[in-house]
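Visitor:
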Amino acid sequence: MIPKDVYETIMPIGTHLPRLYGLPNIHKPDIPLRPVLDMYDSPYHTVAKWLVTVLKPLHNRLIKHSIKDVFQFVDRIKNINTKDQTMISFDVA
561 MIPKDVYETI
571 MPIGTHLPRL
581 YGLPNIHKPD
591 IPLRPVLDMY
601 DSPYHTVAKW
611 LVTVLKPLHN
621 RLIKHSIKDV
631 FQFVDRIKNI
641 NTKDQTMISF
651 DVA
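Plus 560 on top of the position in the sequence shown (first one is 1) and you've got the numbering used here.
1) Just verifying my parser: in three-state terms, what is the DSSP assignment at Pro584?
2) Three-state secondary structure (DSSP) at Leu577?
3) For the beta strand (DSSP E) holding Pro603, just list the boundary residues, first then last.
4) Starting from Ile570, trace the alpha helix (DSSP H) both ways and give me its first and last residue.
5) Do the region 569-584 and the region 594-607 touch if we need at least three Cβ pairs shorter than 8 Å?
Have a look at this one:
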């Protein structure tokens with residue numbers, strides 16, 4: 561349950577619809593678009609900001625499992641046998 565004071569703080573107040581657009585992934589074949597959902601000044605903006613504060617402690621505990629860039633990734637997997645493995649990634653911002 562969300563306490564009443566928190567609900568009143570995150571209650572939707574924006575007037576703009578969220579805007580979905582794409583950023584080109586120029587390093588990939590056929591240059592696909594990476595979807596971005598801009599929620600600034602939308603009714604969900606305050607909820608999104610609140611979720612950042614809720615999820616930040618979790619992120620801090622999991623940061624050792626996060627990769628900051630491709631160089632760190634390569635360094636971490638260089639001694640791992642990935643022949644019969646499938647890699648996945650989640651790009652969360």
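Think of the CB as a built atom: it goes at the ideal place given N, C-alpha and C, for glycine as much as any other residue. Being a predicted model, the structure only gives us computed values, none of them experimental.
Guide: Straight from the coordinates:
1) strand
2) Taken through DSSP and simplified to helix, strand or coil, Leu577 comes out as coil.
3) Pro603 -> no beta strand (DSSP E), and no H or E assigned at all.
4) 564-570
5) Three or more beta-carbon pairs separated by less than 8 Å link the region 569-584 to the region 594-607, which places the two stretches in contact.
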